[in-house]
Structures are given as structure tokens and as C-alpha cells.
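Note that the sequence shown covers residues 9 to 462 in the numbering used here. Down below is the structure, laid out as C-alpha cells.
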Amino acid sequence: MRLLGLSGIVSLAFVVCFSLAPAQDAATPAAGEKALGTQPYDQYASPDECQDCHVDIFQQWNQAMMSMCYTHHWDEIEYFNLAVPHAEVDEKVAGVKAGCNGCHAPLAFLAGDIPPPRPAEMSRANESVSCDICHTIAGFEGDTPYNFNFISTPGEAKFGPKADPASADHEVKKVEFLATAEFCGTCHNEKSPYGAWVKATHLEWKEGPYAKEGVTCQTCHMPRALGVCADGVEEEWVPQHLFHGAHDKGKLAGSVEMRMHPTESTSRPGAKVVVNIQLFNAKAGHKIPTGSVEDRIMWLHVTAKDASGKTYHLPVDKKGFDGEEYTIAADTYAYQDMGIPMGNAEFEGVQRDGVPVGDRIFRMAYFDPQGRMTIMQWNTASFGADYRIGPRETKLETFTWEVPADIAAGEVTFEAVLNYQKLVQPVAEFLGVPEEEAEVVVINTAETSVEIRK
Ligand code: HEC
Ligand code: HEC
Ligand code: HEC
Ligand code: HEC
Ligand code: HEC
Numbered sequence: 009m010r011l012l013g014l015s016g017i018v019s020l021a022f023v024v025c026f027s028l029a030p031a032q033d034a035a036t037p038a039a040g041e042k043a044l045g046t047q048p049y050d051q052y053a054s055p056d057e058c059q060d061c062h063v064d065i066f067q068q069w070n071q072a073m074m075s076m077c078y079t080h081h082w083d084e085i086e087y088f089n090l091a092v093p094h095a096e097v098d099e100k101v102a103g104v105k106a107g108c109n110g111c112h113a114p115l116a117f118l119a120g121d122i123p124p125p126r127p128a129e130m131s132r133a134n135e136s137v138s139c140d141i142c143h144t145i146a147g148f149e150g151d152t153p154y155n156f157n158f159i160s161t162p163g164e165a166k167f168g169p170k171a172d173p174a175s176a177d178h179e180v181k182k183v184e185f186l187a188t189a190e191f192c193g194t195c196h197n198e199k200s201p202y203g204a205w206v207k208a209t210h211l212e213w214k215e216g217p218y219a220k221e222g223v224t225c226q227t228c229h230m231p232r233a234l235g236v237c238a239d240g241v242e243e244e245w246v247p248q249h250l251f252h253g254a255h256d257k258g259k260l261a262g263s264v265e266m267r268m269h270p271t272e273s274t275s276r277p278g279a280k281v282v283v284n285i286q287l288f289n290a291k292a293g294h295k296i297p298t299g300s301v302e303d304r305i306m307w308l309h310v311t312a313k314d315a316s317g318k319t320y321h322l323p324v325d326k327k328g329f330d331g332e333e334y335t336i337a338a339d340t341y342a343y344q345d346m347g348i349p350m351g352n353a354e355f356e357g358v359q360r361d362g363v364p365v366g367d368r369i370f371r372m373a374y375f376d377p378q379g380r381m382t383i384m385q386w387n388t389a390s391f392g393a394d395y396r397i398g399p400r401e402t403k404l405e406t407f408t409w410e411v412p413a414d415i416a417a418g419e420v421t422f423e424a425v426l427n428y429q430k431l432v433q434p435v436a437e438f439l440g441v442p443e444e445e446a447e448v449v450v451i452n453t454a455e456t457s458v459e460i461r462k
């Protein structure tokens, strides 16, 4: 174990120095792109070393996506099959060959090991966003946290917002920055080479109601519980390292609440029935979907079932805003720019949505420089309408249905299902991404009924 030593003392002095005179200090380590190749791997302790004492925290982290940022199947596919080959043929996006790793494999980025060895080669890139990466971040450069502009100061001292040096078996330093949303924002905001905010979870949070109330990312993703610390002290408030997000069905479930009602309780064949649906983002501190918005969709599927058991699909009523066509499922092609890294300029693309035509999709379309919809967020130059549900926002949808002339008399039951998918199915299929990434997760359901009289 390498917890004490000269390098530690030197870097601790360095950190103290930095905190006295942040941005101006000539000794401030480089952040963001400039940090490439500035810190050899051996500057950072591996999570295995922390595991010896921080038993629970290690197991929590090990279950979270944070420990798989580099090794997760879809990350490997997108980086090696799309991003790297694209960076090699298009000067404008050349920087992503290194840049993706600034957030996904920070150890490899800081060591200048680009591209990092494939996950199967078991290099230290696989440590992903490790304990020692987060617990040696001193602050960030500039005004806005984004594109891994965190300042990494590895050494023997581990940073934490509490830092009770008396009880720790190693040096600790009180760095309140770790308890802020900006800390998370250094990786959860991303600007593309075209200047588009392709990830803005922290910026969405900052504009929303939770920032004003002091409810941070940590409040919801690292909830504090009375627990046991590494020194065996019980009943301490320990931040649980859950980092649960879209890969956790339970986190998604119920995050949007939904109710529905018809305008009238009775109707007749040939008449029109209007059902109204309210969708309330009750749980997330940012928009839903957030983060990898280029990949994610949430969609509303509504059906009617008559007294004889016959089922009808209801398309959503159009609202008429600009760019609405991207928010209503259609039988159309997109993602043609995947042809660039594949060396096929004529690539016709794949199905855009892969969900029932006419369903409402809550999403924001990303467009490449040619105006085609893309899932390659680094190739994004502009956006379509932002039709996601903001924190504590409620969206209303209506579905107008013409009651069939030959319908059976009796009760018609309407069912609404709000679904979520991490990666649109046709893209997952085309790129051979394992099915779990395109798994359909039900966020909520609602039901109502109308009596049909003849
Ligand atoms: C993504 C960044 C991140 C990673 C990765 C991470 N932590 Fe943390 N850790 C934090 C933050 C942020 C806090 C403080 C949260 C708060 O106070 O709200 C924290 C708090 C802690 C604390 C203080 C607990 C207390 O009692 O106050 C310990 C100990 C700790 N982490 C150990 C670890 C270990 C060990 C690992 C790896 C297995 C790890 N962390 C991985 C961000 C991280
Ligand atoms: C030999 C045991 C041991 C090892 C190994 C160890 N720690 Fe700790 N650490 C402790 C003890 C004891 C405390 C104080 C009690 C607590 O907070 O759990 C502590 C406290 C901390 C804190 C809390 C600072 C705060 O805000 O209160 C952080 C952060 C931390 N350790 C990170 C790490 C990281 C990262 C590693 C691996 C690089 C690591 N520790 C390895 C024993 C250890
Ligand atoms: C009020 C609680 C709350 C706060 C505050 C909050 N989140 Fe979330 N977050 C959630 C919930 C609930 C979900 C699951 C629904 C979803 O995916 O949006 C979620 C999902 C996520 C996801 C996964 C999104 C996806 O589609 O992959 C990420 C990443 C995330 N949050 C990061 C953050 C960051 C970073 C912050 C701070 C800037 C933050 N969250 C603040 C509640 C919160
Ligand atoms: C060093 C960069 C970095 C920092 C700092 C960081 N994250 Fe992350 N985080 C990532 C990456 C990269 C992923 C994507 C994992 C993957 O490949 O799917 C991620 C994933 C997540 C997820 C899971 C999303 C999902 O799809 O399930 C949540 C939740 C999350 N982070 C919350 C936080 C919070 C809260 C903080 C601050 C306490 C934070 N992160 C700080 C890089 C970071
Ligand atoms: C500024 C930090 C940052 C950079 C740079 C970055 N990512 Fe990410 N990436 C994240 C975060 C944070 C998430 C998780 C967001 C979420 O869950 O909503 C993520 C999610 C992903 C996902 C989705 C993972 C999943 O399982 O759903 C893939 C794939 C991915 N990134 C690949 C890349 C590639 C390829 C590049 C380079 C072109 C890249 N990323 C650049 C921070 C970054």
C-alpha cells in the first residue's frame, strides 16, 4: 500500500498552495484538454487499495456505472467503432480520440495512453472513474464546469467535504468542492467540437428549482445514511456511493407521475372522445431524459379497449410547434452520419425511432453539420425542439379518438404507458449493442374509461 511518502507530502503542500491562489497560480495543474499526458498512471492509487478499509463504499461504487465508464459494452462499441475512426478522418472532431477518455477513462487520459488498450486487455484505463480520481479533484478551471475541466492533484491526501484528519488512516484534506453540483458538472456537461451543449445535466439542474433549494446531485445520487465508517465508528452520516441513474430501473420507475381523464364520461359510436394526460417530472433534479439525450427516448403509448376486447392504438394530437415531427414516432430513417466512420458515404441510415408510429416521444433531436439526426454527440452542430420534461414541470398531452361506428356498447378502457429506452432500438441492433441497453423500461402507467351508449 502506498499511502505515505515524500510524493504525498509534496503534493499536499502543492494543494494547500493551490487553494490559496486558485486560477492565477503558475503551479496550478492543467485541466481539461491541456491535462492530457500530465499525470502518469502510478500517481493514482487503485480502488483495490481503498477497498481494504472502505468496504461498503467500494462495493457500492463497483455496482455503479461510475466503475464501468470505460468497460461498459456500449461505451467500447461507440468509442472504438464510431468515435476513433471518425476522429481519424475528420479534422474537426480529431480531439475526441483523446477527449472521450477525459470523462470515461480519466486515468488513461491523464497518463496520455491514447487510445487506451481495449477493456479485455485489463489495463488501468478499466478503473474508469475511480476513487482516487474523484477524491483528488481540487476544483475546476474557468466559470462553467464541462469537458473534464476538473483539476486533478493526485497524492497521499484524499479529499472530502468532511475531512476529519484525526480518524483517517491516511492524510485527508477538506475540499468542499466535492459536495457541490459543479464537481459532477465537470463530466456531466459536455460541449461538442461544434460548440453545442450535448450534455447539460448540471446546467439543467442550475436553471431548475432544486439548485435554489440547495438540493444537489449528491442529495439524490449519493444519499446520506447513518452507517459505519472505515474506522469502525457507527452512526456517522455516510454518503452512499450509488450513482444510480438510467441503468437502474428503480430509479427510473415513477420518476414521471401520470394521470389521465376523458373530457366526458359517456360517448357514442361516431363521436369524438378526448383523453387528457398529465405528465409530472416529480423526482429528477434535471430534465428527463438528461445526459446522453442523443441516445435516450421516453415515449407515451395510448390504447383503447372496447367491451368486446378489441384494442385500438391512439396517435397523439399534434400541438403544432416547430420541430414537432421529431417528437412523434414515424416510419423514417436517420443517423446517416454513422456512415462516415464506417467508410460508407452512401449509408442510408436506420429507423429513427423503432416505436409505434404516432406515439409522443419526449426527446431533443441532435443534428449533425448536414442537418441529419445523429446519435454521435461529438458530431452535433445544432438541436431540434427540446421536448423533454423539466424538473417539476408538467406536460399535457391529448389524444382525440373517433369512436368506431361498429363498436360494442359498454365500457371502453384507455391505457397509457410511459416507456423509457436508453438507446433507440434500431441503432442498438445495427451496432450490435447488447439488448439490455435497448430494454424497454416502464416509467408509469395510467388508466381511465368512457361508457359507450348506442
Ligand atoms: C464520482 C466521484 C466519486 C467516486 C468515483 C468516489 N467518490 Fe467517494 N465521495 C464522493 C463525493 C462527492 C463525496 C461526498 C458526498 C457528500 O458529502 O455529499 C464522497 C465521500 C466519500 C467518503 C466520505 C464518507 C463520509 O463518511 O463522509 C469516503 C470515505 C469516500 N467517498 C470513499 C470513496 C471510495 C473508497 C471510493 C471508491 C471505491 C469512492 N469514494 C469513489 C465522490 C466520489
Ligand atoms: C488503511 C485503511 C484505509 C485505506 C486503505 C483507505 N482509507 Fe480512507 N479513510 C480511512 C479511515 C479510517 C477514514 C476515516 C473514517 C471514514 O471517513 O470512513 C478514512 C477517510 C477517508 C475519506 C473521508 C474524508 C472526509 O471527508 O471525511 C476519504 C475521502 C477517503 N478516506 C478516501 C480514501 C481513498 C480514495 C482511498 C484509496 C485510495 C482510501 N481512502 C484508503 C481508512 C482508509
Ligand atoms: C431531486 C433529485 C435529483 C437531483 C437533484 C439530481 N438528480 Fe439525477 N436523477 C434523478 C432521478 C429520479 C433520475 C432517474 C430519471 C432520469 O433518468 O432522469 C436521475 C437520473 C440521472 C442520470 C441518468 C440519466 C440518463 O438518462 O442516463 C444522471 C447521469 C444524473 N441523474 C446525474 C445528475 C447530476 C449530475 C445531478 C446534479 C447536477 C443530478 N443528477 C441531480 C434525481 C435527481
Ligand atoms: C470524472 C468524470 C465524472 C465525474 C466527476 C462524475 N461523473 Fe457521473 N458519470 C461519468 C461517466 C463517464 C458516466 C457514464 C457511465 C457509462 O459509461 O455509462 C457517469 C455516470 C453517472 C451516472 C449513471 C447514469 C446512468 O446512465 O445510469 C450517475 C447517476 C452519475 N454519473 C452521477 C454523478 C454524480 C452525482 C456526480 C457528482 C457527485 C458525478 N456523476 C461525477 C463521469 C463522471
Ligand atoms: C464531459 C465528459 C464526457 C465526455 C467528453 C464524453 N462522455 Fe460519454 N458520457 C459522459 C457521461 C456523464 C455519461 C452518462 C450520461 C447519462 O447517463 O445520461 C456518458 C454516457 C456515454 C454513453 C452512454 C452509456 C450508456 O450506457 O448509456 C456512451 C456510449 C458514451 N458516453 C460514449 C462517449 C464517447 C464515444 C465519447 C467521445 C466521443 C464520450 N462519451 C465523451 C461523459 C462524457
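Ideal Cβ placement from N, Cα and C applies to all residues, glycine included.
Checklist entry - Roughly how many whole angstroms lie between the Cα atoms of THR340 and GLN359? => result Along the sequence shown, read from residue 1 onward, the residue named residue 340 stands at position 332. Along the sequence shown, read from residue 1 onward, the residue named residue 359 stands at position 351. Roughly 6 Å between the two C-alpha positions.
Checklist entry - For PRO297 versus ARG371, is the C-beta distance shorter than 9 Å? => result Mapped onto the sequence shown, residue 297 falls at position 289. Mapped onto the sequence shown, residue 371 falls at position 363. In contact: PRO297 and ARG371 (Cβ atoms closer than 9 Å).
Next on the checklist: So, at 6 Å on beta carbons, what are the nonlocal neighbours of PRO48 in its own chain, with the 5 sequence-adjacent residues on each side left out?
Outcome noted: In the sequence shown, counting from the first residue as 1, residue 48 sits at position 40. Excluding residues within five positions, the ones whose Cβ falls inside 6 Å are ALA119.
Next on the checklist: Tell me whether SER136, by its Cβ, gets closer than 8 Å to a heavy atom of ligand 3.
Outcome noted: On the sequence shown, position 128 is the one that residue 136 refers to. Flag unset: Cβ of SER136 not near ligand 3.
Item to check | Closest residue to GLY3 among LEU250, HIS143, THR311 and THR194 (Cα-Cα distance) | outcome: Because the chain spans 9 through 462 in this model, residue 3 falls outside it and cannot be assessed.
Checklist entry - For ALA208, which beta-bridge partners are listed by DSSP? => result Position 200 of the sequence shown holds residue 208. ASN197, per the DSSP bridge assignment.
Item to check | Nearest residue (CA-CA) to VAL223, options ARG461, HIS294 and THR46 | outcome: Position 215 of the sequence shown, counted from the first residue, corresponds to residue 223. Nearest C-alpha to VAL223: HIS294.
Next on the checklist: According to DSSP, simplified to helix, strand and coil, what is VAL264?
Outcome noted: Position 256 of the sequence shown, counting from 1, holds the residue named residue 264. In this structure, VAL264 counts as strand in the three-state DSSP scheme.
Item to check | Nonlocal neighbours in the same chain, by C-beta distance under 8 Å from ALA133, ignoring five residues either side | outcome: Counted from its first residue, the sequence shown places residue 133 at position 125. So the qualifying residues of the chain are TYR78, ASN109, ALA113, LEU115, ALA116, ASP121, PRO124, PRO125 and PRO127.
Item to check | Closest by C-alpha distance to GLU190, when choosing among PRO162, ARG368, ALA219 and CYS61 | outcome: The residue labelled residue 190 in the question sits at position 182 within the sequence shown. Considering only alpha carbons, the answer is ALA219.
Checklist entry - Using the C-alpha atoms, what's the distance from LYS100 back to ALA338? => result Along the sequence shown, one-based indexing puts residue 338 at 330. Along the sequence shown, one-based indexing puts residue 100 at 92. For ALA338 and LYS100, the distance between alpha carbons rounds to 32 Å.
Checklist entry - By how many angstroms is the C-alpha of THR408 removed from the C-alpha of SER275? => result The count along the sequence shown starts at 1 and reaches residue 275 at position 267. The count along the sequence shown starts at 1 and reaches residue 408 at position 400. One C-alpha to the other measures close to 13 Å.
Checklist entry - DSSP three-state call for LYS291: helix, strand or coil? => result As a position in the sequence shown, residue 291 is number 283, starting the count at 1. The answer is coil: DSSP assigns LYS291 none of H, G, I, E or B.
Checklist entry - Under 8 Å from any heavy atom of ligand 2, does the C-beta of ALA208 make it? => result The residue you call residue 208 lines up with position 200 of the sequence shown. Not under cutoff, so the answer is no.
Next on the checklist: At a cut-off of 8 Å, would you count ALA238 as near ligand 6, judging by its Cβ distance to the nearest heavy atom?
Outcome noted: This structure lacks ligand 6; its bound ligands are ligand 1, ligand 2, ligand 3, ligand 4 and ligand 5.
Item to check | Start-end ranges of the alpha helix (DSSP H) lying completely within the stretch 36 to 70, minimum 4 residues | outcome: 55 to 59
Next on the checklist: DSSP three-state label for MET74, please.
Outcome noted: Within the sequence shown, residue 74 is the residue found at index 66, counting from 1. Here MET74 sits in helix by DSSP.
Next on the checklist: Going by C-alpha to C-alpha distance, which of GLN248, LEU426, GLU354 and VAL183 sits closest to VAL324?
Outcome noted: Translated into positions along the sequence shown, residue 324 becomes position 316. When each option's Cα is compared against that of VAL324, the closest is LEU426.
Item to check | Stretch pair the stretch 200 to 218 + the stretch 138 to 148: three plus CB contacts closer than 8 Å | outcome: no
Checklist entry - Excluding sequence positions up to five away, which residues of its chain have a Cβ less than 6 Å from the Cβ of VAL363? => result Against the sequence shown, residue 363 aligns to sequence position 355. TRP307 and ALA337, listed in sequence order.
Checklist entry - DSSP on LYS181, reduced to helix/strand/coil? => result Locating residue 181 in the sequence shown gives position 173, counting from the first residue. It is a strand residue.
Checklist entry - So does the stretch 396 to 412 actually touch the stretch 276 to 294, counting three or more Cβ pairs closer than 8 Å? => result With a cut-off of 8 Å on Cβ pairs, the stretch 396 to 412 is in contact with the stretch 276 to 294, counting three or more such pairs.
Checklist entry - Looking only at its own chain, which residues have a Cβ that is under 7 Å from the Cβ of GLY357, when we skip the five neighbours before and after it? => result Residue numbering aside, residue 357 sits at position 349 when the sequence shown is read from its first letter. Around GLY357: TYR341, ALA342, TYR343 and GLN344.
Checklist entry - Under the three-state reduction of DSSP, which class applies to PHE22: helix, strand or coil? => result Along the sequence shown, one-based indexing puts residue 22 at 14. At PHE22, the pLDDT of 39 sits below 50, so the modelled position is not reliable; the number obtained from the coordinates is stated separately. In this structure, DSSP gives PHE22 a helical state, which the three-state scheme calls helix.
Checklist entry - Given a threshold of 16 other Cβ atoms within 10 Å of its Cβ, counted over all protein chains shown, does MET268 qualify as buried or as exposed? => result On the sequence shown, residue 268 is found 260 positions in, with the first residue counted as 1. Buried, because 16 or more other Cβ atoms sit within 10 Å of the Cβ of MET268.
Checklist entry - Between THR319 and the rest of its own chain, which residues show a CB-CB distance below 8 Å, the 5 nearest in sequence each way excluded? => result Your numbering for residue 319 matches position 311 in the sequence shown. Only THR311, ALA312 and LYS313 meet the Cβ criterion.
Checklist entry - Roughly how many angstroms separate the alpha carbons of ALA254 and ASP394, rounded to a whole number? => result For the purposes of this step, residue 254 is taken as the residue at position 246 of the sequence shown. For the purposes of this step, residue 394 is taken as the residue at position 386 of the sequence shown. If you take the alpha carbons of ALA254 and ASP394, they lie about 19 Å apart.
Checklist entry - What separation, rounded to the nearest whole angstrom, lies between the Cα atoms of GLY331 and GLY392? => result Translated into the one-based positions of the sequence shown, residue 331 becomes position 323. Translated into the one-based positions of the sequence shown, residue 392 becomes position 384. Going by the C-alpha atoms only, they are around 6 Å apart.
Item to check | Near ligand 4: ASP140 beta-carbon under 8 Å from a heavy atom | outcome: Here residue 140 is taken as the residue at index 132 of the sequence shown, counted from 1. Answer for ASP140: no, Cβ out of range of ligand 4.
Item to check | the stretch 82 to 102 touching the stretch 427 to 446, judged by at least three CB pairs closer than 8 Å | outcome: yes
Checklist entry - Relative to ligand 5, is the shortest distance from any of its heavy atoms to the C-beta of CYS225 smaller than 8 Å? => result Along the sequence shown, read from residue 1 onward, the residue named residue 225 stands at position 217. No, ligand 5 has no heavy atom inside 8 Å of this Cβ.
Item to check | N-terminal and C-terminal residue of the alpha helix (DSSP H) that GLU84 is part of | outcome: The count along the sequence shown starts at 1 and reaches residue 84 at position 76. It spans 81 to 85 - the alpha helix (DSSP H) in which GLU84 sits, taken as one unbroken run.
Next on the checklist: For GLN248 and ALA187, which I take to be in contact (beta-carbon distance under 8 Å), what is that distance rounded to the nearest angstrom?
Outcome noted: The count along the sequence shown starts at 1 and reaches residue 248 at position 240. The count along the sequence shown starts at 1 and reaches residue 187 at position 179. The pair is not a contact, with the Cβ atoms about 14 Å apart (cut-off 8 Å).
Next on the checklist: Which same chain residues end up closer than 6 Å to GLU455 when comparing Cβ atoms and leaving out the 5 residues on each side of it in sequence?
Outcome noted: Residue numbering aside, residue 455 sits at position 447 when the sequence shown is read from its first letter. GLU423.
Checklist entry - Anyone know if the C-beta pair for SER136 and MET76 falls short of 9 Å? => result Within the sequence shown, the letter at position 128 stands for residue 136. Within the sequence shown, the letter at position 68 stands for residue 76. The answer is yes: Cβ separation under 9 Å.
Next on the checklist: Taking the alpha-carbon of ASP465 as reference, which of THR46, PHE251 and CYS139 has the nearest alpha-carbon?
Outcome noted: Any question about residue 465 goes unanswered here, given that the chain covers just 9 to 462.
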